[in-house]
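Residue numbers (this note's numbering): 19 to 434. Every residue, glycine too, gets a C-beta built ideally from N, C-alpha and C. Model, not experiment: these values are computed from the prediction. Note sheet for the following structure.
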Ligand SMILES: [Zn+2]
C-alpha cells in the first residue's frame, strides 16, 4: 500500500517524503503516475518534483519512444549521485563496511578482522574503514555513518555476553568517539533491524508492508517490520529470537538458559559443530565443507538446524502472521538455501494454505552484504521514507533532514 499525502500546509516535508518514496518504490515513474498514486493535486506534485530536482535528489529522464510533438513524457528516478552513506557492520571478530549510494548500490567494500573485545581497536578499525571509503570523489555528499551491531543493545540480562555478541561491551560510547573524530552523523541499530530496513528500502521487502526479518549471522536475530517500521518493543529489544529456549533441556547457552535457538541455528553453532568455533578462518572452513558436503558433522548439524528452522518459522507465523519471513545475514547463501530446502515441507500454520510455500520464506538477495546495506540505510532512511517512527537510535540528524526536506530554496540547504 502506498502512502497518501496530506493537504495540510505544515506537512510539506512529509509530502516530499511521500513523493520521494513513490519514486524509489516504483524505480521510474511519471508525474501523472505519481498523482495517481498519492492523494496530492497535480500542482502540488509538480511543485514537489521541481523542488526535489532542484535539490538534486531526483533526476528526470525522457521516456524512450517519446513522441516528438506535445509535452515529452518524463519519468523521475532517484539520483544515484545525490550522495552516499557508509555502513559498518560489527560482528564478533570482524568489521565490514561499504560505501552505499542513494539507490542502494554498494560502491566500495572493505573488511577487517579485529578483536571486538577491545573497543579501542574497534574504534581504530572503524576510523580506518571510513578513511578508506571516503576517498572516491564521485560519491558526492556523505550523509553519515550507520553502524549495525548484534543485539540486544540496551543493558539487559543477555546483552553483550557470549561469542555471538560484542562480548564485554558495557556501553556504546565508542560511537560517540567515532562521531567526534569523524565529524560525521553516526547512527546505530541492532543489525537485524538495520538489515530489515535495508530490505525495505532496496531489497526483497520493497513491496512488503509487514514481514519478519531473520538475521542469520554469527548469532541469530530477528526484527518484525510493521507498516514498514521496525517494531521496537518496550525497551527496543523486541524479537531477539536467538535466545528463545526451543529445546527442553538442550545445550547450555551463554545467556544462562538452555536450549536457545541460537545454539542450534547460527554460524557460531555450525562452527562449533565443525570444531572451528573461534578459528580466524571459520567462514572459509564452513564454505569449503558446504561445497564438499560430505562431513558427517556438517550433515547432522544441517538436519538438526533445519528442524529448528521449521519450528521457529511456525512459531513466528502463528504469533505474527507476517506476509513473509525474509532471511538475510552474514551466513553464506549456500548454507541458508540448504537449510530452507531441508526444512520443507513447513509445518501447518496460519500462513499455510494462505501463502504459497515459496512465499513463506524469501531469501535476501544481498545475503552477506545485508548488514552493510542495512547499516548504510540508517543515515538515509528518514530522507527516503515517510515513516518517521523507525528503530533508529540517534535522532540528531533529523533536524538536518527536516531542513533539507522542508526547504524550498535549495541554495539555503547548504550542500549544493
Ligand atoms: Zn540464550
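Compute the minimum distance between the beta carbon of residue 278 and the heavy atoms of ligand 1, and state whether it is under 8 Å. As a first step, residue 278 must be located in the chain shown, where it is residue number 260. Residue 278: yes, Cβ under 8 Å from ligand 1.
Continuous alpha helix (DSSP H) stretch holding residue 131: start and end: As a first step, residue 131 is located in the chain shown; it is residue number 113 there, counting from the start. Here residue 131 belongs to no alpha helix (DSSP H); instead the beta strand (DSSP E) covers 124-131.
Would you say residue 245 touches ligand 1, meaning its beta carbon is less than 8 Å from a heavy atom? As a position in the chain shown, residue 245 is number 227, starting the count at 1. Every heavy atom of ligand 1 is 8 Å or more from the Cβ of residue 245, so no.
Grab me the residues of residue 162's own chain with a C-beta within less than 7 Å of its C-beta, minus the 5 sequence neighbours each way, in chain order. Counted from its first residue, the chain shown places residue 162 at position 144. Only 103, 202, 203, 204, 205, 397 and 415 meet the Cβ criterion.
Okay, do the segment 354-371 and the segment 245-262 touch, 3+ Cβ pairs below 8 Å being the bar? no
Below 8 Å, can you find three or more Cβ-Cβ pairs linking the segment 174-185 to the segment 253-260? yes
Closer than 8 Å is the cut-off here; do at least three beta carbon pairs connect the segment 137-152 with the segment 230-241? no
Run the CB neighbour count on residue 221, radius 10 Å, all protein chains shown included, and call it buried at 16 or more, exposed below. Translated into the one-based positions of the chain shown, residue 221 becomes position 203. Residue 221 should be labelled buried.
How about residue 282: is its Cβ closer than 8 Å to a heavy atom in ligand 1? Translated into the one-based positions of the chain shown, residue 282 becomes position 264. Residue 282: no, Cβ never under 8 Å from ligand 1.
Does the segment 277-292 come close enough to the segment 317-324 that 3 or more CB-CB pairs lie under 8 Å? yes
Reduced DSSP secondary structure (H/G/I, E/B, other) of residue 161: Residue numbering aside, residue 161 sits at position 143 when the chain shown is read from its first letter. Strand.
Per-residue DSSP class, three states only, for residue 92: Sequence index remark: in the chain shown, residue 92 carries index 74 (1-based). Residue 92 falls in the strand class under three-state DSSP.
Can the beta-carbon of residue 358 be found less than 9 Å from the beta-carbon of residue 327? Stepping through the chain shown from its first residue, residue 358 is reached at position 340. Stepping through the chain shown from its first residue, residue 327 is reached at position 309. A contact, by the Cβ cut-off of 9 Å.
Could you tell me which of 137, 209, 167 and 216 sits nearest to residue 191, measuring between CA atoms? The residue labelled residue 191 in the question sits at position 173 within the chain shown. When only C-alpha atoms are compared, the closest one is 137.
Backbone CA spacing between residue 73 and residue 226 [nearest angstrom]: As a first step, residue 73 must be located in the chain shown, where it is residue number 55. As a first step, residue 226 must be located in the chain shown, where it is residue number 208. Looking at the two C-alpha atoms, the distance is approximately 29 Å.
For residue 59, count neighbouring Cβ atoms within 10 angstroms of its own Cβ and tell me buried if that reaches 16, exposed if not. As a position in the chain shown, residue 59 is number 41, starting the count at 1. Under this definition residue 59 is an exposed residue.
Status (buried if at least 16 other CB within 10 Å, exposed otherwise) for residue 273: Translated into positions along the chain shown, residue 273 becomes position 255. It is buried - the Cβ of residue 273 has at least 16 other Cβ atoms within 10 Å.
Distance CB(residue 345)-CB(residue 354) smaller than 9 Å: Residue numbering aside, residue 345 sits at position 327 when the chain shown is read from its first letter. Residue numbering aside, residue 354 sits at position 336 when the chain shown is read from its first letter. Yes.
Distance between beta carbons of residue 166 and residue 213, contact taken as under 8 Å: Here residue 213 is taken as the residue at index 195 of the chain shown, counted from 1. Here residue 166 is taken as the residue at index 148 of the chain shown, counted from 1. Contact flag correct, Cβ pair sits at about 7 Å.
If you run the structure through DSSP and keep just helix, strand and coil, what is residue 100? For the purposes of this step, residue 100 is taken as residue 82 along the chain shown, with counting starting at 1. In this structure, residue 100 counts as coil in the three-state DSSP scheme.
Hey, is residue 124 close to ligand 1, as in C-beta under 8 Å from one of its heavy atoms? Stepping through the chain shown from its first residue, residue 124 is reached at position 106. No - ligand 1 has no heavy atom lying nearer than 8 Å to the Cβ of residue 124.
Of the choices 303, 234 and 164, whose alpha-carbon is the least far from that of residue 194? Translated into the one-based positions of the chain shown, residue 194 becomes position 176. When only C-alpha atoms are compared, the closest one is 164.
For residue 248, three-class secondary structure by DSSP: What you label residue 248 is simply residue 230 of the chain shown in a count that begins at 1. Strand at residue 248.
Mind checking who residue 379 pairs with in its DSSP beta bridge? Along the chain shown, one-based indexing puts residue 379 at 361. DSSP lists 343 as partners of residue 379.
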